[in-house]
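Numbering (the numbering used here), first residue to last: 13 to 177.
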């Protein structure tokens, strides 16, 4: 199916879709900051995203192990920035994700990084493989970030209980 579509259309289309998803992520994150955070709200996004692993059942998206490791390493690197900049605040006795100006900068940087990497790598790596690599990068970024959020959340809740007692 993808072999019939010229690669330039796949690159432009997937880039446009990624920018749309980036803007959507910013909107969702902004709205989410208005609701109290809970462990389930921290855990669900990576669980929902994990269904994307089904893409690797199709050969055009399968990635060599060396590229899996590279993409995962970059994702882990980016996750450290997200972990460091994600904090919580108390409002009306509940915990909320603190709005961070760094989030929009990080999101924009990721969008630009992805665009530049895609333009450079699409000449040497198949578009399907590239999609698989970017999925691995995103998944390797969101899982540690959400684990970090859960640890911060649990530590704050533990401190709250100690303070109340």
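Idealized CB from N, CA, C, for every residue including glycine.
What are the boundary residues of the beta strand (DSSP E) that residue i is part of?
| i | result |
| --- | --- |
| residue 100 | 100-103 |
| residue 108 | 106-109 |
When DSSP labels each residue in this structure, what does residue i get in the three-state scheme?
| i | result |
| --- | --- |
| residue 74 | coil |
| residue 154 | helix |
| residue 171 | helix |
| residue 137 | coil |
Can you tell me where the alpha helix (DSSP H) with residue i in it begins and where it stops?
| i | result |
| --- | --- |
| residue 60 | 51-61 |
| residue 32 | 19-44 |
| residue 132 | 113-133 |
Can you give the Cα-Cα distance for residue i and residue j, rounded to whole angstroms?
| i | j | result |
| --- | --- | --- |
| residue 80 | residue 148 | 7 Å |
| residue 28 | residue 38 | 16 Å |
| residue 93 | residue 67 | 27 Å |
| residue 89 | residue 83 | 10 Å |
| residue 139 | residue 121 | 21 Å |
| residue 51 | residue 64 | 22 Å |
| residue 34 | residue 119 | 7 Å |
| residue 137 | residue 165 | 40 Å |
| residue 95 | residue 157 | 5 Å |
| residue 55 | residue 134 | 33 Å |
| residue 71 | residue 114 | 37 Å |
| residue 19 | residue 30 | 16 Å |
| residue 110 | residue 98 | 7 Å |
| residue 128 | residue 17 | 22 Å |
Between the options, which lies nearest to residue i when the distance is taken from Cα to Cα?
| i | options | result |
| --- | --- | --- |
| residue 49 | 119, 65, 83, 163 | 163 |
| residue 161 | 131, 118, 129, 91 | 91 |
| residue 32 | 174, 101, 123 | 123 |
| residue 100 | 175, 78, 30, 44 | 44 |
| residue 103 | 47, 86, 59, 87 | 47 |
| residue 125 | 87, 108, 76 | 87 |
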